[in-house]
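Okay, so here's the structure we're looking at.
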Amino acid sequence: MQLPFEFKLENMVACPSMEMSSDKVSELKKLRSRIDSLDTQIAQYLLERFQLGAQIGKIKKQANLPLRDPRREREILKNLNELAKNFPQDIQQATLVLYRQVIETMVMLQEKA
509 MQLPFEFKLE NMVACPSMEM SSDKVSELKK LRSRIDSLDT QIAQYLLERF QLGAQIGKIK
569 KQANLPLRDP RREREILKNL NELAKNFPQD IQQATLVLYR QVIETMVMLQ EKA
């Protein structure tokens, strides 16, 4: 799968070290650990979602159905928007942007199925 952008770990720049109290360092480590845990869960859910999407793609091809279903895509985004309605506005928008990318990735995977 090709992403619409180039991502290379070697291009990542480390933050300059800053002087922090041991309390702040400890808090930072705990928060980062929680993020790592969430990333693991998100990756597992995405894997499952993408695998289900590939199965759907096979069924659509066998039934000669179009891979894109604009009604279903709108329904997904509407449901997500409802779930995110109490998020801060910028987080809500970021969530929708990310989810649109998930939908585009699903379509790409269905094309390959």
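The numbers in our numbering rise by one with no breaks, and the one at position 105 of the sequence shown is 613. From the three backbone atoms N, C-alpha and C, an ideal C-beta is built for every residue, glycine too. The structure presented is a predicted model; accordingly, all values stated were derived computationally and were not measured.
### Query
So what does DSSP say about MET614, is it helix, strand or coil?
Taking the first residue of the sequence shown as 1, we reach residue 614 at position 106. Residue state, collapsed to three classes: helix.
### Message
Rounded to the nearest angstrom, what separates LEU588 and LEU604 at their Cα positions?
### Response
Within the sequence shown, the letter at position 80 stands for residue 588. Within the sequence shown, the letter at position 96 stands for residue 604. Using only the alpha carbons, I get a separation of about 7 Å.
### Query
What is the rounded straight-line gap between the Cα of PRO578 and the Cα of LEU539?
Along the sequence shown, one-based indexing puts residue 578 at 70. Along the sequence shown, one-based indexing puts residue 539 at 31. Taking C-alpha positions only, PRO578 is separated from LEU539 by approximately 38 Å.
### Query
If you draw a straight line from the C-alpha of GLN609 to the C-alpha of LEU617, how long is it?
Counted from its first residue, the sequence shown places residue 609 at position 101. Counted from its first residue, the sequence shown places residue 617 at position 109. Separation of GLN609 and LEU617 (C-alpha to C-alpha, rounded to the nearest whole angstrom) is 12 Å.
### Task
Please list, in chain order, all residues of the same chain as ALA562 whose beta carbon is under 8 Å from its beta carbon, the five residues on each side excluded.
Taking the first residue of the sequence shown as 1, we reach residue 562 at position 54. Excluding residues within five positions, the ones whose Cβ falls inside 8 Å are LEU617, GLN618, LYS620, ALA621.
### Query
Should MET528 go down as buried or exposed, given a rule of 16 or more other Cβ atoms within 10 Å for buried?
Residue 528 sits at position 20 when you count from the first residue of the sequence shown. By the neighbour-count rule (16 or more Cβ atoms within 10 Å), MET528 is not buried but exposed.
#### Entry: Residue span of the alpha helix (DSSP H) that contains ARG542, given as start and end
As a first step, residue 542 is located in the sequence shown; it is residue number 34 there, counting from the start. From DSSP, the alpha helix (DSSP H) with ARG542 extends over 530–570.
### Message
By the three-class DSSP mapping on this structure, what secondary structure does PRO578 have?
### Response
Translated into positions along the sequence shown, residue 578 becomes position 70. PRO578 carries a helical assignment under DSSP once its states are collapsed to helix, strand and coil.
### Task
Specify the secondary structure class of LYS620 as computed by DSSP and reduced to three states.
The residue given as residue 620 occupies position 112 in the sequence shown. The three-state reading of DSSP puts LYS620 in helix, counting H, G and I together.
### Task
Alpha carbon to alpha carbon, how far is GLU590 from SER541? Give it in angstroms, no decimals.
Start at 1 with the first residue of the sequence shown, and residue 541 comes out as number 33. Start at 1 with the first residue of the sequence shown, and residue 590 comes out as number 82. Using only the alpha carbons, I get a separation of about 29 Å.
### Message
Taking 8 Å as the cut-off, is the beta-carbon of ALA592 closer than that to any non-hydrogen atom of the ligand ATP?
### Response
The model on display carries no ligand, and the ligand ATP is accordingly not part of it.
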